Each structure stands twice: as structure tokens, then as C-alpha cells.
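These notes concern the structure reproduced below.
Number of protein chains: 2
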Amino acid sequence: MTDAAFDLGSDDIPALSTGEQAYERIRHDIVFGVLQPGQRLPLDRLKSVYGVGISTLREILNRLAPQGLVVAEGQRGFQVSPCSVTDLKELADLRLLIESNALAQSFQAGDVEWEGRIVAAHHKLARMEQRLLAGDESGTQAWKRYDFEFHQALVSACGSKALLDLHAGIYDRYLRYQMVFFVFWGPTSTEDHKALLDCALRRDAAEAQRLLHGHIHGCIDMALERGLVD
Amino acid sequence: MTDAAFDLGSDDIPALSTGEQAYERIRHDIVFGVLQPGQRLPLDRLKSVYGVGISTLREILNRLAPQGLVVAEGQRGFQVSPCSVTDLKELADLRLLIESNALAQSFQAGDVEWEGRIVAAHHKLARMEQRLLAGDESGTQAWKRYDFEFHQALVSACGSKALLDLHAGIYDRYLRYQMVFFVFWGPTSTEDHKALLDCALRRDAAEAQRLLHGHIHGCIDMALERGLVD
DNA sequence: AACTGATAATTCATCGATCATCAGTTGATT
DNA sequence: AATCAACTGATGATCGATGAATTATCAGTT
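Sequences listed follow chains C and A, in order.
Yeah, the first sequence ends on 230 if you go by my numbering, and it's all consecutive.
Yeah, the second sequence ends on 1230 if you go by my numbering, and it's all consecutive.
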């Protein structure tokens, strides 16, 4: 989620290496559905598309594999991880488990700095949701990012780097389903986010977990009903 | 944990590729402390030690990085992930969170096949612990593996591949601390395992979670007391 | 017409070579 | 004597070439 492509003239930042750039692009293209689930990834084609050498490509794909975004079937190359209802449900449960726990710890340990972060993140998210409700469809991708940043901010005071890393990884995989299959789902989501913010400021972890449960399951239930996922 | 080096003459199995072999060896050497925490990993040296080319090596290290066993400090190569008390505690908490949850689901869904697996796994583990208590120190490594296999078996019926993968990954990182800093810690562990098995057969998830909590925290508390970890 | 076997073409895995980057050292200048 | 700059040796990052495996094609046979 680190959109580190904002090197606006800052000379001291050492400019992402070739491989790092390509890594971000490929990951982005998988998460955002440009490279579709199940699609094979012939090295020669990627080589010309992303403009890096074979070895660098293989490094990138090998980094993506343990994260669950690509699968490597030994001796037969790589392909984008396929999507399935089962996988989506498992990911949703996993995200709920991780995020609920992190939420509780974060609520307990959060200081004023943390409150500042979540208020700011919610503000940006709410603004974007206003625009979407007003019919401006252009910001869907940005909305997803602000959504992540808000949830990220909520758990950011949990005190465990390992837990945060894990959460980010799971969220990324979950995000792919959102990007590929879901759309913005209206006022329900907005209300959930507002309620979550209030819980956080009240430090009401139990209620927040209940909300999160509804938030996540509501989201995937709707998608399943609509038949958006095979 | 897949000690797949048992290709005893089975001709149809396509024999692990060069890279795969080296991957297993390097991961093994990190988990078992041959490559020590914080140690730098110069490519030329590894190249001669493990007998693979630069590119293959980099693929391997890039696979290990997202798993948390090596860290890549951009433009300055790789090193074995350093160890710290903080990290150990975070991992222990994480393992507890994941495994507790998986345990509960597994207890609910487990069938007779599953019961067979856990009984078998416990039997092997108990046998090994007998030998260790009798003073035979030779099997410490094997004990760690049986310990993993037992815990693995307990959660194996949880029904979520994503959850199982996650558990295996966390356990691997946790295992490194065990291998590097811990030793076999006597009858307490044996009793815990027996009690866990009984809980499983009774499907008493609550008690099992309580036991697991004590099992894990007892283990790291002892290590911290003894000052085994810096 | 369908099946099997060999052969051709595509794709992958592995490697060492080359170019870029970093750290330690030396030397010149103030 | 101290500081900064350029040099140099070492290490890492990237690349395309090469051999191996897999898949597709196509005869030849039943």
C-alpha cells in the first residue's frame, strides 16, 4: 500500500531501483485486476511489458508468491492466484480475526497522536465517500486506498509490528477481491466508518469488533448475493 | 516443515529442482541457527557454500524475505533477520491468537480421521519426549519437528487453508527462537501435550486454549528468566 | 477415424558477465 | 590537525545467453 511514487523533486531520496519500481507496478496490476485471476504470466511477455530482465522478474514473482498474489507451479512458471468464493470467505474471516484483535489492543494503547491519525484518516475517507455518493465515480480507487488507511490507522497503535505487517498482508489479498469484484456500496459503509470512529474515541472495543464483523460480512454477503464472485 | 528429502527410490517423483533444494537448505540453516541472527549474507559466499548461481540465490532470498526470515536492506544486500525479545513476544502472541482460533474451529469440525492424526502425532511426540527425559539428547531437533507436527495436527481440521498456511508461517519464525535459544524443557511440556490431546478428544476448546496460553507463555517466560535471549 | 510415438516449438530454470552502488582509505587543502 | 573530496576495492543489481523441461504438432499405424 505504500504509494511511494511521489518523489517530487526530493533529491535526497535515492529513487526506487528498477526492480522495486517494477515490483510495485506488478503488485498494483494484480491487486487492481489488470492482471486477472488465474491468468498465466509468461516471462517474455512481462519482460517487454514492464521493461526488466528475466532474473529481476523472477525475483519479483518469487516475492509475490509467499504473499499469496501469485502461485508458482514448479517447472511451469507463474500465474496470478485464482479467485474463489472459498478463498474470499477464508480471507474475510482471517481479516476479521486479525483486525479485531489489533483493534482491541490499539484502543487500549492509543494516545492522542493516534486519535489524531484516525480522525484525519476518517475525514479524508468521509470526504471521498461524499463525492462517490454524489455520483462522482472517478475516485473509486482512491476510496479503496482511504478505506485501507482508515482501518490501518485504527489498528496502528496496537504495539506489535508483526501484527501490523500481517494485517497489511491479509488486507492486500482481500483488497484484490474488492477491486476486481466489488463496487462502492453506499451509505451503509459510510455509517459503519463513522460508528467505528466514534467507538475508537470512546475506546469501546467490544462494540467496534461487533461493527467490524457486520462491516466485513455485510460486504461479502452483498457481493455473493449479487453473484459478483463466481 | 516439509522435510521432502525422503525420495527413497520413488522414480516418479520429479526430484526437487536445484533451486528448491537450496531453498530448503538455506531456510533450514536459518531456522536451526547455522546462519545466525543478524548475520550478513554475501552472495558470493553463499554461492560457493550452496552451489547455486547468483540469480537463483536472489530468488531464494526474495522468497524468504516476506516470510520474515531474512531482511533486505535495499541496495545493501540481505541479512538474517535479527532476533529480539520484542519480536519473540510478538510472535508468541501472534501464534497464540492464530492457533487458539484454529484450535476451536478444528475441534468443532474434526472427524475420526482427524482424531487418528492427532493420536498418531501425539504418540510419536510422546515417544521422543520419553527418550529426551531418559537423557538421550540426540533427538532434540526431531523433537521440535514432532512438536510442530502435533500442533499442526491439532489445527488441521479447521477448514481454512489460509489459516493453516498462516499458522505454519508464524510457527516457523517462532521455531527459530526455539532452535537458537531454547532447549527441551522437561516434564511440563510433556504434560501439556497430553492434556491438549485429551481436550481435543473431548472437544473442549476453551480448556485447550487455556492450556495453549500457558504452554506458550511458560516456554518463553522460562527462556527470558534464564536470560537465553539477549 | 482414432491412437500412439516421435519431433518441433515454446517456455522455464539456471548461470556467469557486466554495470551500478557502497564503504573504507588516502591525499590535498585550509 | 581537521575536513572534505576523490579514489579504489568490494559487493550488489540487472541483464541476456544457454541448456532443460514441457507442451503442441504431425506422421504412421492399427
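Where a beta carbon is used, it is the ideal one built from N, C-alpha and C, also for glycine.
The structure presented is a predicted model; accordingly, all values stated were derived computationally and were not measured.
Residue environment, residue i, which counts as buried when at least 16 other CB atoms sit within 10 Å
i, result
"His123(C)", "exposed"
"Arg1058(A)", "buried"
"Lys1144(A)", "buried"
"Ser1048(A)", "exposed"
"Pro66(C)", "buried"
"Gly1051(A)", "exposed"
"Ala208(C)", "buried"
"Arg95(C)", "buried"
"Asp12(C)", "Summary for Asp12(C): the model assigns pLDDT 40, below 50, so the residue's position carries little reliability; its value from the coordinates is reported in the next sentence. Classification for Asp12(C): exposed."
"Asp1087(A)", "buried"
"Arg173(C)", "buried"
"Gly1009(A)", "In this prediction, Gly1009(A) scores a pLDDT of 39, lower than 50, which makes its location untrustworthy; the coordinate-derived value is nonetheless stated afterwards. Per the 10 Å Cβ criterion, exposed."
"Glu138(C)", "The residue you asked about is not Glu; residue 138(C) is Ser in the sequence shown. Classification of Ser138(C): exposed, given that the 10 Å Cβ count is below 16."
"Leu1133(A)", "exposed"
"His1215(A)", "buried"
"Ala1092(A)", "buried"
"Ala1022(A)", "buried"
"Gly1019(A)", "buried"
"Glu1225(A)", "exposed"
"Glu1090(A)", "buried"
Chain-ordered chain A contacts of residue i [CB-CB under 8 Å]
i, result
"Arg58(C)", "Ser1055, Glu1059"
"Glu20(C)", "Gly1074"
"Leu46(C)", "What Leu46(C) touches in chain A: nothing, since even the nearest Cβ is about 15 Å away."
"Leu197(C)", "What Leu197(C) touches in chain A: nothing, since even the nearest Cβ is about 25 Å away."
Chain-ordered chain C contacts of residue i [CB-CB under 8 Å]
i, result
"Leu1211(A)", "Those do not exist, as Leu1211(A) stays about 20 Å from chain C at its closest Cβ, beyond 8 Å."
"Leu1154(A)", "Correct list: empty, because the minimum Cβ distance to chain C is about 17 Å."
"Leu953(A)", "Residue 953(A) lies beyond the range of chain A shown here (1001 to 1230); nothing can be said about it."
"Leu1133(A)", "Within 8 Å Cβ-Cβ: nothing; Leu1133(A) doesn't reach chain C, min ~33 Å."
Boundaries of the alpha helix (DSSP H) in which residue i is found, first to last residue
i, result
"Val1119(A)", "1112-1133"
"Leu218(C)", "For clarity, residue 218(C) is Gly in the given sequence; the question names Leu instead. Start and end: 205-225."
"Asp1147(A)", "1140-1155"
"Leu1035(A)", "Where Leu1035(A) is concerned, there is no enclosing alpha helix (DSSP H), given that its DSSP letter is neither H nor E."
"Val1180(A)", "1161-1181"
"Ser55(C)", "54-64"
Beta-carbon gap between residue i and residue j smaller than 7 Å
i, j, result
"Leu1125(A)", "Tyr1146(A)", "yes"
"Ala1157(A)", "Ala1121(A)", "no"
"Ser1259(A)", "Gly1068(A)", "Coverage of chain A is limited to positions 1001 through 1230, which leaves residue 1259(A) absent and any answer about it impossible."
"Ile98(C)", "Ile60(C)", "no"
"Thr163(C)", "Ala104(C)", "Contrary to the premise, residue 163(C) reads as Leu rather than Thr in this sequence. In this structure, Ala104(C) does not lie closer than 7 Å to Leu163(C) by Cβ."
"Ala200(C)", "Gly159(C)", "no"
"Gln1075(A)", "Arg1040(A)", "no"
"Leu64(C)", "Val70(C)", "yes"
"Ser956(A)", "Val1031(A)", "Any answer about residue 956(A) is impossible in this case: the structure gives chain A only from 1001 up to 1230."
"Leu1035(A)", "Asp1044(A)", "no"
"Leu1212(A)", "Ala1195(A)", "no"
"Phe181(C)", "Ala142(C)", "no"
"Ser55(C)", "Ser1055(A)", "yes"
"Thr1190(A)", "Glu1129(A)", "yes"
"Gly1038(A)", "Met1179(A)", "no"
Chain C residues whose Cβ lies nearer than 9 Å to that of residue i
i, result
"Glu1090(A)", "Gly159, Ser160, Lys161, Ala162, Leu163"
"Gln1130(A)", "Under the 9 Å cutoff, chain C gives no residues; its nearest Cβ is about 35 Å from Gln1130(A)."
Under 9 Å from the C-beta of residue i: neighbouring residues of chain A
i, result
"Asp87(C)", "Lys1161, Ala1162"
"Leu96(C)", "The contacting residues do not exist; Leu96(C) stays about 10 Å from chain A at best."
"Leu233(C)", "Because chain C spans 1 through 230 in this model, residue 233(C) falls outside it and cannot be assessed."
Neighbour list for residue i in chain C, Cβ cutoff strictly below 7 Å
i, result
"Pro1066(A)", "Arg63, Pro66, Gln67"
"Gly1139(A)", "Under the 7 Å cutoff, chain C gives no residues; its nearest Cβ is about 30 Å from Gly1139(A)."
"Leu1035(A)", "The contacting residues do not exist; Leu1035(A) stays about 19 Å from chain C at best."
"Leu1125(A)", "What Leu1125(A) touches in chain C: nothing, since even the nearest Cβ is about 27 Å away."
DSSP bridge partner residues for residue i (one or two, in chain order)
i, result
"Gln108(C)", "Its beta-bridge partners do not exist; DSSP assigns none."
"Gln79(C)", "Arg40(C), Val71(C)"
Partner residues on chain A for residue i, Cβ-Cβ distance less than 7 Å
i, result
"Asp93(C)", "Ser1160"
"Leu245(C)", "In this structure chain C extends from 1 to 230, so residue 245(C) is not present and cannot be described."
"Leu103(C)", "Chain A residues near Leu103(C): none, gap ~13 Å exceeds 7 Å."
"Leu201(C)", "Under the 7 Å cutoff, chain A gives no residues; its nearest Cβ is about 25 Å from Leu201(C)."
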